[in-house]
Amino acid sequence: MIEEELRAAFARHEAETPTAGSVHDKINRAFVRRKRRRTAARAAGVATAVLIAAAAVPVALAEHRPPAPATQNLLGSPAPAQTGGVNFLLLGTDTGPGEDGGRAETMTVVHVPVDRSRIYLISLPPDARVPIPGHGTDQMRSSLAFGGTALSRRVVTKETGLAIDATVLVDTTTLTAITDAVGGVEVCLDRAFTSTRTGKHYRAGCQTLRGPDVAPVLRASHKLDSDDGDRTGQRYLGALVGKLASSRFRTDPAALNSLLKLLNKTGLKIDGPTAELLTVAATMRSAAVVGISEPSVSGGVYPKVGRDLFAATRGDDLASWVAANPSYVLRR
Amino acid sequence: MIRGSDPVISAEVDVTYQEFADSQLPSLLRYAVMLTGDPHVAEDLVQDTMVRVQLNWRRVSHSDSPDGYVRRVLTNRFIDLRRDSWWRRVRLFADPDPTVAASQDHAQDSAERDQIWTMLATLPRRQRAALVLRYYEDLPDAEIADVLGCAVGTVRSSISRALATLRADLVEAS
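Chains as they are written, first to last, in our numbering: chain A, 1 to 332; chain B, 1001 to 1174.
Laid out in structure tokens, this is it:
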């Protein structure tokens, strides 16, 4: 019987199984590496969205004042010219100065709806295997190394059906520059730690982080946080948003523009109409950020809900989709 | 001044994940060896899967059946990752050309006995996974369907097609 032969063959080869102990250690080491890179890159990507959100804060504040007649048309809708929903692609890398550019650690579609009510961050799985024009099938993140942001953009459009208006590439040097530009941010650490790279000691509790502190703290956040919540990274970003919202960037689009120019000298690279992105920012009505990510790790780009999700994005109706799919929405 | 290494690094280990890994790794590795036919590829596949599981541990641990979930992820990655770079790299020696294996290994006693193992490598990966799940893991068809994410009828037809291929190959080779 072939079935019996099969069982016997499986049983014979059981002895080749590697021992669990050595594999266990390798997994833990690989995990620490991945986590460190992911945390830093994710934070860098979100920070750029935050920058754009920060420009929206004055608009949000203005709403609390009595509406001036000039800001309303006959239908009562907001007066600022609206240019339709906007999608841009944020690519985060963990390369520092002097390191080779390479694969994207994070890939996020940032969608700003027509009503400018919030910013949606749709995280794409960088390791999903997808067709890459001219390079067969590979991890989606490799598109950046193969053909730069333009190729990444093509691949994402092909996978999601979304027209991408601009791509934004950021790395940890971008965060360093933003932090310096706002004069440092106040962050509370759960534990003390010493950076293995710089040797600098950070005490537990609240303290002001300067630009050069950002990379060491974000890289250490995988061991500062007790679960996979990237709490330190979130606190840092929360503090950065607060600082941006209370700084001169809030009231001065020109200052924001000059900050973006400064950031261009770091790892930040914007392919697309920067001026239009800033126009979008200027018409934002709120700085609320909604994170969407795939709860499954089974590979593929939103294999279960992708069709609905991306159709909702194209149809500018993500609010309904988010309400109907709470398990895909990141807790804050 | 250079200080000593970070004092929190060893304290900060997710105990629940580690317990899960301790209990699941041996059986996952065996399963991966049966799927891939090669201990090195199996190790890579398990490592790749478990790193992803650990990165998403909170969600995984809240799912109905974390071990079923992990098995599903590993199986899907096995089926999907055939063109992955590490797979291709290892495959060069892990996956001998079936025509060569069938004729040259003929002489060797042990190789002949292992013909069925060699032939497993020629099956479509989904079919091989179905065989492993039924004849190694001894799962009922409904659970196999769950792991592979397909209908029970599809499982049965995959298995019968796989068995037919193996039978035909064995007849041809003998």
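Cβ atoms here follow ideal geometry from the backbone N, Cα and C, with glycine treated the same way.
Put simply, the CB of E1172/B is far from chain A, with every gap to its CB atoms at 8 Å or more.
Taking the CA atoms as reference points, D165/A sits about 49 Å from R1134/B.
With respect to L90/A, R153/A sits apart: the two C-beta atoms are not nearer than 8 Å. With a threshold of 8 Å between beta carbons, E1043/B makes contact with chain A. For T17/A, the residues of chain B that pass the 8 Å Cβ criterion are P1026, L1029, R1030, V1033, P1039, A1042, in the order they occur in the chain. Beta-bridge analysis with DSSP links R129/A to Q139/A. When the beta-carbon positions are compared, L6/A and I1079/B stay at least 8 Å from each other. Counting the other Cβ atoms within 10 Å of the Cβ of A1129/B gives 16 or more, which makes it buried. A distance below 8 Å separates the beta carbons of T313/A and L162/A. Within the same chain, Cβ atoms closer than 6 Å to the Cβ of L1074/B are found at T1049, the five residues on either side in sequence being excluded. In the three-state DSSP reduction, G183/A falls in the coil class, being neither helix nor strand. In the structure shown, the three-state DSSP call for Y328/A is helix.
About 7 Å separates the Cβ atoms of Y1031/B and E1137/B, confirming a contact at the 8 Å cut-off. The residue from T1165/B, E1172/B, A1173/B with its alpha-carbon nearest to that of E3/A is T1165/B.
Inclusion of V1033/B and A1042/B in the CB contact set at 8 Å is warranted, their separation being smaller than that value.
When the alpha-carbon of A319/A is set against those of T196/A, I292/A, T232/A, R12/A, the nearest one is in I292/A. Judged by DSSP secondary structure, V168/A falls within the beta strand (DSSP E) whose first and last residues are 166-170.
Taking the C-beta atoms as reference points, R36/A is found no nearer than 8 Å to R197/A. L309/A has its alpha-carbon roughly 11 Å from the corresponding atom of A324/A. At a cut-off of 8 Å between C-beta atoms, V1051/B counts as an interface residue with respect to chain A. Taking each of W1057/B, V1132/B, R1167/B in turn and checking the Cα distance to T1036/B, the smallest one comes out for V1132/B.
Proximity of K158/A to chain B, defined by a Cβ-Cβ separation below 8 Å, is not satisfied.
For the C-beta of I2/A, the chain B residues within less than 8 Å are, from N- to C-terminus, I1116, L1163, L1166, R1167, L1170. A residue is called buried once 16 or more other Cβ atoms fall within 10 Å of its Cβ, and G92/A is buried on that count. In the structure shown, Y120/A adopts extended strand secondary structure according to DSSP, grouped into three states. The three-state secondary structure of G306/A, taken from DSSP, is helix. Counting along the chain, D1141/B sits inside the alpha helix (DSSP H) bounded by residues 1141-1148.
Residue pairing by DSSP places M107/A opposite L91/A, L124/A in a beta bridge.
L189/A carries a strand assignment under DSSP once its states are collapsed to helix, strand and coil. For the segment 101-112 of chain A, the set of positions with a beta-carbon nearer than 8 Å to some beta-carbon of chain B is empty. In this chain, the beta strand (DSSP E) harbouring D271/A covers 269-271. Among the residues facing chain A, D1080/B is included, as its CB has a counterpart in that chain under 8 Å away.
Listed by position along chain B, the residues whose Cβ is nearer than 9 Å to that of K304/A form an empty set, because the closest Cβ is around 10 Å away. Close to A9/A, with beta-carbon spacing below 8 Å, are these residues of chain B in chain order: D1114, I1116, W1117, L1120. The Cβ atoms of L124/A and V156/A lie closer than 8 Å to each other. Take A15/A, set aside five residues on each side of it, and no residue of its chain has a beta-carbon closer than 6 Å to its own.
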